[in-house]
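A.B. asks: In my numbering, the protein residues as written are 310 to 433.
#1: Based on the DSSP output, what are the partners of residue 350 in its beta bridges?
#2: Helix, strand or coil for residue 390, going by three-state DSSP, please let me know.
#3: What distance in whole Å lies between the Cβ atoms of residue 368 and residue 333, which are believed to be in contact at a cut-off of 8 Å?
#4: Give me the DSSP bridge partner(s) of residue 412.
#5: In whole angstroms, give me the CA-to-CA distance for residue 283 and residue 364.
#6: When the distance is taken between beta carbons, is residue 385 closer than 8 Å to residue 347?
#7: In the DSSP output, which residue or residues are listed as bridge partners for residue 344?
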């Protein structure tokens, strides 16, 4: 017996969507690529893998097949965090993202010490 595959519905994951750790705002890149934003969310690393995957699967299923085939643009806001958190976020997204990633923008940590390390790293 083959199991029927059906799309994930928002009502099934409403609690995870209300946490707003990822948002599909409706914005598009120049080529029509949908934009998914990961706003500053202090508990990002504590989101269960299943919840993360469910939200990603749902958000990537909303745009048309044509738009999704272009690839998704991801914006990650980690201005109030550390670089180690940025690396962990990137790894998690890369491993679990169910669509094609076209481009990733990172709003880098802006605390003084973090900014200094970043500026040094960019210069060399």
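All C-beta atoms in this analysis are idealised placements derived from N, C-alpha and C, irrespective of residue type, glycine included.
Everything numeric in this text was worked out from a predicted model, so none of it was measured.
C.D. replies: The answer reads as follows:
#1: Paired residue(s): none; residue 350 is not in a bridge.
#2: coil
#3: 5 Å
#4: 382
#5: This structure gives no information on residue 283, because the portion of the chain shown stretches from 310 to 433.
#6: yes
#7: 382
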